[in-house]
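Colleague: When you line the sequence shown up against our numbering, it's residues 162 to 629, in that order.
Backbone N, C-alpha and C define an ideal beta-carbon position, used for all residues, glycine too.
Model, not experiment: these values are computed from the prediction.
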Amino acid sequence: MLKTKRPKKNKQSSASIMLRSQIKMIIVITISFSMMMIFGVGHKLLNDVKLSTWQITASLKKNEIDSDHDWDDWRKNSTVDINHSYIYVHNLRQDAEARYYFSPRADDLLQKKMIKVPFINNLYYRPGFGFLYRRFVSSNGIYYTLWQNIGPQLSILMRVIEVSAILLAVTLVLAPIYIRRLTARLTDPLTDLSTSTQVIHQAEQSGLIQLPVPSQPTEVTELAQDFNHLLALLNQRQDQQKLFVMNAAHELRTPIATIKSHAQLIDRHGADHPEIIEKSVTYITKESRAMQQIIEDLLAILRVETLSLALTRMNVTTAVSEIMQPLEKPIPQKLILQLEPNLMAQTNLEALEQILHNLIQNASKYSKPSDPIVVTLANKENASVSLTVMDQGLGIPEADKAHIFEHFYRSDDVRGSIPGTGLGLAITKQFVDLIHGHLSVADNPTGGTIFTLLLPSAIDTTGQSDHS
Ligand code: ADP
């Protein structure tokens with residue numbers, strides 16, 4: 162399992178992008194929330210001021226102040242809170258004892274001009290007095306002007322603003338820390354994976370390299386597991402390829418060594434003993450052919466690896482009998498065909514040709530010329546067509562049956578006595594896979610071997626098997 166140092170995140174990493182956008186979002190939310198709270202509280206406080214000024218002016222109107230006595234009476238007996246109020250009464254009635262009445266400091270207040278606060282009706286600022294809400298009412302020729310100091314409300318509002326500012330500051334400090342930790346939890350496993358994949362090609366060890374699998378988040382766990390699975394497959398494939406190349410080199414080394422030794426023999430003794438030349442040339446020719454066959458088979462393996470074949474619905478009975486015709490001539494054995502008529506299969510002609518060619522070649526190679534080879538084509542119950550090639554030859558030892566489809570595998574009893582590369586059945590198996598068939602081997606009860614190829618039968622558009 163690889164352990165790697167985590168690299169620094171760049172500005173475009175998902176962690177940085179998530180961090181930036183989440184911090185922006187949290188700041189916007191906190192500011193909006195604070196603003197809403199400030200406006201809400203401010204609005205409520207203003208309404209409170211409006212209500213209390215309305216109560217004071219209503220009380221003034223009710224008492225109808227048109228003498229010093231009324232004025233003092235009202236100020237002493239009024240139940241409304243006038244601690245923060247400045248009142249100016251202008252009496253225009255004929256019978257007025259006094260024209261003007263001022264509450265304490267109200268005359269001071271009126272001596273200088275008020276500054277109007279924009280956007281809010283009746284709100285003014287007066288240096289030395291602060292913010293004041295004005296209400297003007299009249300009743301029976303008496304005009305009352307009330308200036309209500311909103312200092313207490315403002316201090317509440319200021320407290321709200323302070324709390325909002327503290328909230329914003331705390332958010333600004335804590336949110337990045339929290340978000341950084343959260344994004345790290347989400348993206349660090351991905352970063353680790355990425356770093357591990359980068360060092361894989363640098364790792365020199367021959368063993369299986371695996372990525373660390375984080376326990377969370379689930380998506381990354383699954384990704385790492387899938388990646389490890391893929392890695393294992395690739396390693397396995399690489400091992401197989403190495404083995405294949407080693408085997409190929411080994412198989413080619415034998416004929417090369419034989420050719421070399423015979424060439425040296427001719428070189429050293431050919432002039433004195435011309436009789437060895439013909440024998441050595443025969444060996445060289447035989448080994449050259451063996452080499453050529455190996456190289457052709459290797460090329461065939463590579464070609465089939467990249468081949469993709471189209472499968473078509475065909476009359477496989479006709480196809481097999483046509484393929485068999487040219488195969489009969491070059492072999493000494495008698496070919497017996499037992500083909501059920503008009504069997505349909507979803508297959509490919511080229512693949513079928515190659516498979517039959519290889520199986521017949523083997524059956525011929527490993528049988529006596531007098532032993533017939535039987536090819537049968539039959540309908541199978543499990544919606545498939547079976548094609549068998551049956552010989553009465555050497556047979557295959559039980560222990561070898563599991564290996565004969567491997568590259569370069571040959572039974573000990575044929576190695577050295579019967580020519581071959583050990584690649585024919587591997588190529589055959591590749592073609593079988595390409596047409597989604599299944600190839601198996603069994604002993605012929607009367608001696609020899611039976612190879613059975615199962616072909617997927619043609620499926621018509623209604624999904625029904627077609628064996629007609
Ligand atoms: P080759 O025939 O060139 O050796 P193949 O891959 O075709 O390579 O076959 C692999 C091995 O399987 C053969 O070497 C042989 O031992 C065995 N074999 C294949 N077909 C037959 C057969 N019909 N009868 C007996 N042995 C067979």
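1) What whole-angstrom Cβ distance do valine 536 and leucine 498 have, given they're in contact under 8 Å?
2) Suppose you measure from the CA of aspartate 234 to the CA of histidine 251; what does that come to, to the nearest Å?
3) Quick one: Cα of leucine 488 to Cα of histidine 518, how far?
4) Got a sec: does ligand 1 put a non-hydrogen atom nearer than 7 Å to the Cβ of leucine 555?
5) Which whole-angstrom value describes the C-beta separation of serine 528 and glycine 609, a residue pair presumed to lie in contact below a C-beta threshold of 8 Å?
6) Comparing the CB of serine 572 with every heavy atom of ligand 1, is any distance shorter than 7 Å?
7) Is aspartate 594 close to ligand 1? I mean its beta-carbon at under 7 Å from any heavy atom of the ligand.
8) Could you pull out every residue in the same chain whose Cβ sits closer than 8 Å to the Cβ of isoleucine 248, ignoring the five residues on either side in sequence?
9) For alanine 506, count neighbouring Cβ atoms within 10 angstroms of its own Cβ and tell me buried if that reaches 16, exposed if not.
10) Find the nearest neighbour of valine 334 within the set Leu271, Lys185, Val575 and Pro288, judged by alpha-carbon distance.
11) Apart from the five residues on each side of it in sequence, which residues of its chain come closer than 6 Å, Cβ to Cβ, to glutamate 365?
12) Does the beta carbon of isoleucine 565 fall short of 7 Å from some heavy atom of ligand 1?
13) Decide yes or no for the touch test of the stretch 193-202 against the stretch 323-333: beta carbon pairs closer than 8 Å, at least 3 of them.
14) Identify every residue that forms a DSSP beta bridge with arginine 474.
15) Flag this pair as yes or no: are the beta carbons of glutamate 258 and serine 228 separated by less than 8 Å?
16) Less than 8 Å between the C-beta atoms of tyrosine 286 and arginine 295, yes or no?
17) Counting pairs of Cβ atoms below 8 Å between the stretch 580-594 and the stretch 443-455, do you hit three or more?
18) Taking the alpha helix (DSSP H) that leucine 614 belongs to, which residues open and close that run?
19) With which residues is phenylalanine 297 paired in a DSSP beta bridge?
20) For asparagine 408 and histidine 568, which I take to be in contact (beta-carbon distance under 8 Å), what is that distance rounded to the nearest angstrom?
21) Can you tell me whether DSSP reads aspartate 604 as helix, strand or coil?
22) Would you list, in sequence order, the uninterrupted beta strand (DSSP E) runs of no fewer than 3 residues that lie entirely inside the stretch 503-555?
23) Taking just the CA atoms, how far does phenylalanine 292 sit from glutamine 272?
24) Would you report the Cα separation of glycine 203 and asparagine 310, rounded to the nearest angstrom?
25) Between lysine 447 and ligand 1, is the CB less than 7 Å from at least one heavy atom?
26) Hey, glutamine 314 and leucine 384: beta-carbon distance below 8 Å or not?
Modeller: So, from the data block:
1) Yes, they are in contact, since the Cβ atoms of valine 536 and leucine 498 sit about 5 Å apart, within 8 Å.
2) Approximately 17 Å, taken between the alpha carbons.
3) Taken atom to atom, the span from the alpha-carbon of leucine 488 to that of histidine 518 is near 7 Å.
4) A distance criterion of 7 Å places the beta-carbon of leucine 555 in contact range of ligand 1, judged by its closest non-hydrogen atom.
5) Rounded, the Cβ-Cβ distance is 7 Å, consistent with contact.
6) Indeed, a heavy atom of ligand 1 lies less than 7 Å from the Cβ.
7) No, since every heavy atom of ligand 1 falls outside the 7 Å radius drawn around the Cβ of aspartate 594.
8) Only Ile217, Leu221, Tyr262, Phe263, Ser264, Ala267, Tyr305, Thr306, Leu307 and Trp308 meet the Cβ criterion.
9) By the neighbour-count rule (16 or more Cβ atoms within 10 Å), alanine 506 is buried.
10) Taking the Cα of valine 334 as reference, the smallest distance to any Cα among Leu271, Lys185, Val575 and Pro288 is reached at Lys185.
11) With a pLDDT of only 49 at glutamate 365, under the threshold of 50, the placement of this residue in the model should not be trusted; the figure read from the coordinates follows. When the five nearest sequence neighbours on each side are left out, no beta carbon in the same chain lies closer than 6 Å to the beta carbon of glutamate 365.
12) Look at isoleucine 565: its beta carbon is less than 7 Å from one of the heavy atoms in ligand 1.
13) Contact between the stretch 193-202 and the stretch 323-333 is present, because at least three Cβ pairs lie under 8 Å.
14) Bridge partners of arginine 474: Gln507.
15) For glutamate 258 and serine 228, yes; Cβs fall inside 8 Å.
16) With contacts defined as CB atoms closer than 8 Å, tyrosine 286 and arginine 295 fail to qualify as a contacting pair.
17) The answer is yes - the stretch 443-455 touches the stretch 580-594, with three or more Cβ pairs under 8 Å.
18) First-last for leucine 614: 610-617, but that is the beta strand (DSSP E), not the alpha helix (DSSP H).
19) Paired residues: Thr306.
20) Going by Cβ atoms, the distance from asparagine 408 to histidine 568 rounds to 6 Å, so yes, they are a contact pair.
21) In the structure shown, aspartate 604 sits in a strand (DSSP, three-state: E or B).
22) Every beta strand (DSSP E) stretch that sits fully inside the stretch 503-555 and reaches 3 residues is listed by chain position as 505-508, 534-541 and 545-551.
23) Between glutamine 272 and phenylalanine 292, the C-alpha separation is close to 16 Å.
24) Approximately 15 Å between the Cα atoms of the pair.
25) The answer is no for lysine 447.
26) Cβ atoms of glutamine 314 and leucine 384: not closer than 8 Å.
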